[in-house]
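Engineer:
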Amino acid sequence: MKKLALLFFIATIFICCKNTTKSVSDKITEDQKITNPIVKGYYADPSIVLSKGKFYIYATKDPWGKEDLAFFESTDFKNWEEKTLNWPTKQACTSPTSNDSMVWAPSVVKAKNGRFYMYVSVGSEVWVGVADAPGGPWQNAKEDNTPLITKNLFPEYHMIDAEAFIDDDGQAYLYWGSGLNWVNGHCFVVKLKEDMVTFDGEIKDVTPENYFEAPVMIKRNDIYYLMYSDGKVIEDTYKVRYAMGDNPYGPFEEAETSPILSTDSDSITYSPGHHTIFNKNEQDYILYHRHSPNSPESIDLLRELCVDSLKFNKNGLIENVQPSGIKAF
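Per UniProt numbering, the very first residue in the sequence shown carries number 1; after that it's consecutive.
1) Hey, Phe278 and Leu50: beta-carbon distance below 9 angstroms or not?
2) Inspect the CB distances between the stretch 188-206 and the stretch 302-310 and report whether three or more fall short of 8 angstroms.
3) Taking the beta carbon of Gly316 as the centre, do at least 16 other beta carbons fall within 10 Å, making it buried, or is it exposed?
4) Label Lys280 either buried or exposed according to how many other C-beta atoms from any shown protein chain fall within 10 Å of its C-beta, with 16 as the threshold for buried.
5) Would Pro259 be called buried (16 or more neighbouring beta carbons within 10 Å of its own) or exposed?
6) Which residues in the same chain have their Cβ closer than 7 angstroms to the Cβ of Asn294, if we skip the five residues on either side of it in sequence?
7) Could you tell me which residues DSSP pairs with His289 in its beta bridges?
8) Which residues in the same chain have their Cβ closer than 6 angstroms to the Cβ of Ala131, if we skip the five residues on either side of it in sequence?
9) Cutting at 6 angstroms between CB atoms, please list the residues of its own chain near Ile203, excluding the five before and the five after it.
10) Going by CA-CA distance only, name the one from Lys110, Gly123, Gln171, Ala133 that's closest to Glu73.
11) Could you give the distance in angstroms between the alpha-carbon of Asp257 and the alpha-carbon of Tyr242?
12) Is it the case that the Cβ atoms of Thr207 and Gly177 are separated by a distance below 9 angstroms?
13) Identify every residue that forms a DSSP beta bridge with Asp205.
14) Is it the case that the Cβ atoms of Tyr157 and Gly135 are separated by a distance below 9 angstroms?
15) Checking the sheet assignment: what are the DSSP bridge partners for Thr198?
16) Can you list, in chain order, the residues of its chain whose CB lies under 6 angstroms from that of Lys110, leaving out five sequence neighbours each side?
17) How should Thr35 be labelled, buried or exposed, when 16 other C-beta atoms within 10 angstroms of its C-beta is the threshold for buried?
18) How far does the beta strand (DSSP E) with Asp45 in it reach, from first residue to last?
19) Would you list the one or two residues that DSSP bridges to Glu73?
20) Which value, in whole angstroms, describes the spacing of the CA atoms of Ile28 and Lys78?
21) Measure the CB-CB distance between residue 357 and Ser121 and report whether it falls below 9 angstroms.
22) Between the beta-carbon of Phe165 and the beta-carbon of Pro63, is there less than 9 angstroms?
23) With a cut-off of 8 angstroms on the beta carbons, I'd call Ala105 and Ile160 a contact; round off their distance for me.
Written out as C-alpha cells, the structure is:
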C-alpha cells in the first residue's frame, strides 16, 4: 500500500511539473511574438535605423502620403511611440520643377562621418536631409535648399524611391527610379562623395529583369543583392523580387527564387512590397507594407507595416518569405 501511495505521489508531481512547464512555455510564446501589422494605422514604404539600443522607423502616411512623414521609436520593436519630424515637409521640399505629389518613401542611413542622411521623395523629386540624431532636427543637406534629383532629370521615368546603400568600405551609393503609368520602371545608381550629396561619377542604368520600383541593396558574402518591387501597388500583382551581382553596378541577374514575397492565398498578405532589410542578432529581417484588409484593390491606399524573417539557403539564394511575424528580440 505504501508503495502504491509513493507511485501516486510521484505521478502527481510529474503531472504538476509538466503542466507548469506548459503554462510557462505558452506564456513565453505569446509574450515573445511580434505580430503583423507592427503598428496601428496606415503607413507604407518603411525605412529603419537601429541606433543606441533603439529602433526608428520612417514611413509614408497613407493614403498616398501627407504633408510630412510618419516617425516611430521603440526599444523592443513591440511598443512604438509616434513622434514628429521637423523635416521633410511638402512646404519645405517644393521646387519649380516639383509636381503635387506628397511626402513619400524615406531612406535613412548613418554615414561613415557619423551623421544621418535621409533621401525622400517629395513632388516626384528626391530630396536629401541631414541630422546628427535619428529624430533630428533635420535640414536640407544642400546649402541652396534644392532637390538632389529633379523631376525632369530623366523625364521618361519617375524620379522617386531613392535608397542609400553603404558598402563595407564606407562608400555610399544611391539607387532610385520607377516607371510612369505603371510601366517602364528603371533603376539608376550613382556613387556618392563623402558629403553624401555630391555625385561621384556618372549615373548608371542598372535595371534588372522585372523591375518596377523601390530598389533596396544589401550585401552578403561578397554578393550584391538588388531587391525591388514589381507589379501595380493598388493590385495583388505587387511583389518583392531580387537580382544578384558581384559589384554595386551589376550587371544584376534575377535569381531563380525570385519573387520571394507575393500576395498570399489566404488574402492576409495582399500586395506586399516596397521594403527594407535590417539585421539584428545576426538574423536578417524584411520590413515592408501590405494592403490593410480595409483597403484591398483600392486606389485610396490604406497600407500597414509588417515584419518577417529573411532567410538564405546554402547557395546564397533568398528563400520565400513566410508572412507570420517574428520572435521578439
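Cβ coordinates follow ideal geometry from the N, Cα and C atoms, glycine included.
Structural biologist: Looking at the coordinates:
1) yes
2) no
3) exposed
4) exposed
5) buried
6) Leu302
7) Gly273, Leu305
8) Phe116, Trp138
9) Phe188, Val190
10) Ala133
11) Contrary to the premise, residue 257 reads as Thr rather than Asp in this sequence. If you take the alpha carbons of Thr257 and Tyr242, they lie about 9 angstroms apart.
12) yes
13) Phe188
14) no
15) Per DSSP, none; premise fails for Thr198.
16) Phe116
17) exposed
18) 43-51
19) Tyr56, Glu81
20) Its pLDDT being 39, under 50, Ile28 is placed unreliably in this model, and the coordinates cannot settle the point.
21) The displayed coordinates of the chain run from 1 to 329. Any statement about residue 357 would go beyond what the structure contains.
22) no
23) 6 angstroms
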